[in-house]
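Reviewing the structure listed below.
Residue numbers (the numbering used here): 227 to 579.
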């Protein structure tokens, strides 16, 4: 989807959905695309929170037969990353006008994918992809540290005694089904994207599903893969790296994320130095604070930032559409790393403008 204004000079974002096996088209149709579905799932309406207001965005369905993509499930993670390298390279060869200030965005399990793909791009001999940054939303990158964070959150919030208590009470519960008051937007996308007229306009002829179980079964094991090395390689290559987590997300919690984030050590001791930064509120253009951010530019020109979204769950764009939209723009123009000052004790903090 081209940017609303000046697509020839706008930044380009490649978005990879989570799962593994979740279709990115569902995200485009319900959260971050230029249009989203009406509540009845029959029509489209303008989306004021669209990422395409300032960027060209490509929503990628992968691996294998995810969403509208076709082909077999790749044999392993390495082959999948190689396929994505070929895809990205050939995409920008075909559309060189979009090869400007390119950023990769990965959600949940795809956070690992974009770190590996980003590293593969910058290390690919003769690569002409204008890759500038990688963003990880609710990412599974340091699984062991995230597991520790789950334990710590449960302990600190005294969830374990509550869970034990509920184990006894469940015997008194009858099997009633109460539907959610907030219907999944992916359910509406299923009906819309499988209509004959829509598929004709899109030039596809495949039954669309929000999540591909075959892909999930084949690739879920890779969520235990450690991605710290690949993230360090991105920073050593002078790229921007943004990591975003919600403070209410238990699955990919902020507690565990900072554990692996502060371990990043390459040409610069990225993690330790980021841990010395004073966190500041991040505000949208209405002056509303929606999270706390740590951001630092290093001597080797790399940029690293961590954003903890207040009240954020695993689905950050759903919880905080304005904040995530404007955070994206702040990364694209590097504004997230402005206004840094060094204090007398050697720590980095920010001027709150």
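Every residue gets a Cβ at the ideal spot worked out from N, C-alpha and C, and that includes glycine.
Item                                                                                                : Value
Beta-carbon spacing of residue 497, residue 461 below 7 Å                                           : no
Cα-Cα separation between residue 473 and residue 333, rounded to whole angstroms                    : 16 Å
Backbone secondary structure at residue 342 - three-state DSSP                                      : helix
Same chain, Cβ closer than 6 Å to residue 505, neighbours up to 5 away in sequence not counted      : 518, 520
Spatial distance of residue 354 from residue 246 (CA atoms)                                         : 28 Å
Contact under 7 Å by Cβ, residue 528 with residue 464                                               : yes
Contact belief for residue 494 with residue 524 at Cβ below 8 Å, rounded distance in angstroms      : 5 Å
Distance CB(residue 488)-CB(residue 263) smaller than 7 Å                                           : no
Close beta carbons around residue 401, own chain, < 8 Å, minus the five adjacent residues each side : For residue 401, the predicted structure reports a pLDDT of 42, less than 50, and the residue's modelled location is therefore unreliable. The matter cannot be settled from this model.
Residue 405 versus residue 483: straight-line alpha-carbon distance, rounded                        : A caution first: residue 405 carries a pLDDT of 44, below 50, which makes its placement in the model too unreliable to give a value.
Beta-carbon spacing of residue 299, residue 441 below 7 Å                                           : yes
Bridge-paired residues (DSSP) for residue 261                                                       : 272
Identity of the residue in 558, 563, 313 nearest residue 282 by Cα                                  : 558
According to DSSP, residues forming a beta bridge with residue 363                                  : 333, 470
The stretch 371-385 / the stretch 253-270 touching (three or more Cβ pairs under 8 Å)               : no
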